[in-house]
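Down below is the structure, laid out as structure tokens.
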Amino acid sequence: MNLKHAQYIMEIIKEGSITNASKTMHVSQPALSQTIKAVEKYLGAPIFLRNTKPIVLTEAGKKYIAAVKKIITISTNLLHEVSDIQYEGYGTLRLGIPIQRAMQMLPRVMPVFRQRYPHIKLEIKEAGSNTTEKAVLNGDVDIAVLTTTPNNDELNYDLVETEDVVLVANKMTMLAQRIEPGTAIHITEAKNESFISITEGHNVRRVQETLFDVYEMKPHIILETSSIEVGKRLVNSMESVFICPDVYLDPYFLSQDRCVLYPLLGVANKRYCYVCSRRDAYLSPYARAFIELIKTRGVKERIQDDYEKK
């Protein structure tokens, strides 16, 4: 098997067409077409269905790619293991993590990790959970921290923490003036309020849409943001409400005394944060140590119980 050809084929699949792959790889389209012909001659079968957009693998093509991934994994694992032997205590750890989660976890984890492994470089790929999960599957990162449902047999999922999604309301809202803070409510209690919303693609957005669908609500959404931090600051400064995971409501935010919290009833609204790695990938000692630090020191102290006691 020609690994250079295999890498070209995988890039074509990733980009969805020969044209797109040609641009990203700076390889001519005729050269990529010749690569496809060479692979198909090697296999004795076509690997792509013709005239489909995006490009689609045949059954033979799927078998070919599965074999390619195994070979690349074996090669990569070998290089990493030898590197650990040759350069003990030196190396690079590639971490996939959403920005908000990085803000929460890394200040707790990095000082300890840096003290134990001063010569290990940490490379961070900051993206949402869906993108991050694909990155660890594709081998673009070594480990990933994400909010998801464990449903891929190619990954190990280590539970880090369980989160509740709560409603944050500015004190000036009618909801906050009408209902005691900390009271568990149905989302319909906020049906007349103005909502700050997370954009599509975020796990909390799916929880939010489920709540709205179950109670047949059509809320007044005044703004959408991809950042939970932006949502927090907006609800803190204006008459509005915001659905948010409780782990992101830090003591400083609540100490400003401009917002109140309401646990939500009536629908499963828990989220689960995992640290993930590929089952077939070699993990260095420092990668395994980083995972353990995420599980022990990355967990945020729970503030909701303390808040409700005030």
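Take the sequence shown: its letter number 59 is residue 58 in numbering that gives the first Met the number 0, and every next letter is one higher. Beta carbons: idealized from backbone N, C-alpha and C, even for Gly. No experiment lies behind these values; they were computed from the predicted model shown.
Counting only residues of its own chain and dropping the five nearest sequence neighbours on each side, K231 has a CB closer than 8 angstroms to the CB of V167, F241, C243, Y247, L248, F252.
F47 has L56 as its beta-bridge partners, per DSSP. Exclusion of the five residues before and after V234 leaves V167, N169, I195, V240, F241, C258 as the residues of its chain whose Cβ lies within less than 7 angstroms of its Cβ.
The beta carbon of V213 is closer than 7 angstroms to those of G265, V266 in its chain, skipping five residues each way along the sequence.
Residue environment for D152: exposed (fewer than 16 other C-beta atoms within 10 angstroms of its C-beta).
Here G127 has P97, G200, H201 as same chain residues with Cβ atoms under 7 angstroms from its own Cβ, once five neighbours each way along the sequence are excluded. When only Cα atoms are considered, R113 and M104 end up about 14 angstroms apart. DSSP assignment within the stretch 239-307 yields the following whole beta strand (DSSP E) runs of 3 residues or more, N-terminal first: 240-244, 258-262, 269-277. A Cβ-Cβ contact shorter than 8 angstroms links C275 with L154.
Under the three-state reduction of DSSP, G138 is assigned to coil, being neither helix nor strand. Within the stretch 137-207, the complete alpha helix (DSSP H) segments of 4 residues or longer fall at 173-177, listed in chain order.
Proximity of the stretch 272-286 to the stretch 137-151 meets the contact definition, three or more beta-carbon pairs being nearer than 8 angstroms. Using a Cβ distance threshold of 8 angstroms, I227 and V108 do not count as a contacting pair. By the CB criterion at 8 angstroms, E162 and T147 fall outside the cutoff.
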